[in-house]
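Colleague:
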Amino acid sequence: MKKLVLNTLAISVLAGASISIVKAESLVGVTIYQYDDTFMNLMKDEISNQASALKDVKFLMNDSQNSQAVQNNQIDILLAKKVKVLAVNLVHTAAATTLIEKAKQQQVPIIFFNKDPGEKILSSYDKAYYIGSSAKSSAIEQAHLIAIHWNKYPELDLNKDGKIQYALLKGEPESTAAITRSQYVIEE
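In mature numbering (1 follows the signal peptide of the UniProt record, and there is no 0), the protein residues as written are -24 to -1, 1 to 164.
(1) Judging by CA-CA distance, which residue of I107, V67, S100 and E131 is the nearest neighbour of S151?
(2) Mind reading off the beta-carbon distance from A79 to L98? Whole number of angstroms is fine, and I expect it under 8 Å.
(3) How far does the beta strand (DSSP E) with S151 in it reach, from first residue to last?
(4) In whole angstroms, what is the alpha-carbon distance linking P149 and N90?
(5) For D39, which beta-bridge partners are listed by DSSP?
(6) Return the first residue and the last residue of the beta strand (DSSP E) that L62 is part of.
(7) Is it buried or exposed for L121, if we count other Cβ within 10 angstroms and need 16 for buried?
(8) Is it right to say D92 is buried, meaning 16 or more other beta carbons lie within 10 angstroms of its own, or is it exposed?
(9) Taking Cβ positions, are V46 and S40 nearer each other than 7 Å?
(10) Strictly by DSSP, which residues pair up with S2?
(11) Give me the Cα-Cα distance between A115 and V161, rounded to the nearest whole angstrom.
(12) Which whole-angstrom value describes the C-beta separation of residue 190 and L55, a residue pair presumed to lie in contact below a C-beta threshold of 8 Å?
(13) What is the rounded straight-line gap between the Cα of Q44 and the Cα of Q10?
(14) Is the beta carbon of I8 sitting closer than 7 Å to the one on M16?
(15) Pick helix, strand or coil for A104, following the three-state DSSP scheme.
(16) Determine the burial state of T69: buried for a count of at least 16 other Cβ atoms within 10 Å of its Cβ, exposed for fewer.
(17) Going by DSSP, what residue range makes up the beta strand (DSSP E) through residue 167?
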């Protein structure tokens, strides 16, 4: 399943990037928040594998090293290299507005993936897009799976009160996806 998700996301990023490519030997700038993140390293590899099949398109891959300052600088360099499109896995979702403004100044489409900057921010530029899963849908699915498992194995109710006691581990504090998943997994 993980490979299918990676393939689907990588293909989506590539497809979105290729929409904006119109001439031979076009450049696509990609920044990934941190190659040390196992999932994002797999994503980088999958994007690179899928990109190798595209002729006349060069993907400029960048590790932002979990630093928003590094990512901002990478975006500046990519725009100076005249990339046709940016594909960005944000270090911090709060930086999306700044990155959109940079892309907008040069009329370069920007595709955010894996970290949703939010509809309000995306709507500030008609060439800003997000590719990724719905955090709310993911949370509802998680809650559903927990309920199935809880109902199937009554012995999990150690104190026999019919209630699930739990510790909720959240993701990154500024991640809208982590906040949304945390909210809806409880509400559902």
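Beta carbons are placed, not taken as given, at the ideal position from N, Cα and C, and that holds for glycine.
Modeller: In this structure, then:
(1) Checked all of I107, V67, S100 and E131; the closest Cα to S151 is V67.
(2) That pair is no contact at about 12 Å.
(3) Run containing S151: none; DSSP gives neither H nor E here.
(4) Computed Cα separation, rounded: 15 Å.
(5) Secondary-structure assignment with DSSP links D39 through a beta bridge to I8.
(6) Taken as a continuous stretch (DSSP letters only), the beta strand (DSSP E) holding L62 covers V61 to V64.
(7) L121 sits exposed, since fewer than 16 C-beta atoms from the chains shown fall within 10 Å of its C-beta.
(8) Counting of Cβ neighbours within 10 angstroms places D92 among the buried residues, the total reaching 16 or more.
(9) A contact, by the Cβ cut-off of 7 Å.
(10) Paired residues: V33.
(11) About 5 Å.
(12) What the structure shows of the chain is the stretch from -24 to 164, and residue 190 is not part of that stretch, so it cannot be assessed.
(13) Take the alpha-carbon of Q44 and the one of Q10: they are about 10 Å apart.
(14) Against a cut-off of 7 Å, the Cβ pair of M16 and I8 comes out as a contact.
(15) Three-state DSSP puts A104 in a strand.
(16) Classification for T69: buried.
(17) This structure gives no information on residue 167, because the portion of the chain shown stretches from -24 to 164.
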